[in-house]
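See below for the structure under consideration.
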Amino acid sequence: MMLQKRSLSKSTRPGWYHISAGGHINVGETPVEAAVREVQEEMSLEIDPMKLHYVHSVRIIPRDPRDIVNVFLYRLDGDEEITYLDGEVTLTNGVHWITSKKSPKTLQVTTLFHKGSFILMR
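When we follow this note's numbering, the leftmost residue of the sequence shown carries the number 12, and every step to the right adds one.
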């Protein structure tokens with residue numbers, strides 16, 4: 012699983028570890044279409060919507076009862092080049108890959124942001 016460290020210049024949770032890509036669904040767009048678009052916009056990756064695996068949806072009631080987070084997994088082949096938008100990810104130690112045998116606790120990640128959305132796996 013890939014986690015990225017949010018840029019220190021971000022207004023929300025600067026320096027926190029976060030999911031790979033995320034955003035809002037546009038009017039007329041499905042959650043899958045939004046996932047594909049957000050990954051392309053934020054990471055310059057073209058992903059196959061047929062290989063996007065739905066995990067679950069969660070409603071974030073304290074923030075806004077209409078706010079629903081859809082969580083997906085996507086497995087990368089390993090040779091993809093990821094390019095981040097300026098200001099999204101810190102340039103030093105900005106990305107961490109976590110294997111199934113290595114949890115965030117073993118990485119000593121104490122500022123993990125669990126909002127959920129689109130997670131890439133390698």
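Glycine included, C-beta positions come from ideal geometry on N, C-alpha and C. Note that the structure is a prediction, hence the values are computed from the model and not measured.
In the three-state reduction of the DSSP assignment, residue 48 falls in the helix class.
Looking at 64, 54, 36 and 40, the one whose alpha-carbon comes closest to that of residue 78 is 36.
Shown here, residue 62 sits in a helix according to DSSP, grouped into three states. Around the C-beta of residue 70, fewer than 16 other C-beta atoms lie within 10 Å, and the residue is accordingly described as exposed. Shown here, residue 38 sits in coil according to DSSP, grouped into three states, outside any helix or strand. If you draw a straight line from the Cα of residue 89 to the Cα of residue 13, it is about 12 Å long. A straight-line Cα-Cα distance of about 17 Å links residue 82 and residue 52.
Nearest Cα to residue 85 within the set 48, 65 and 18: 65.
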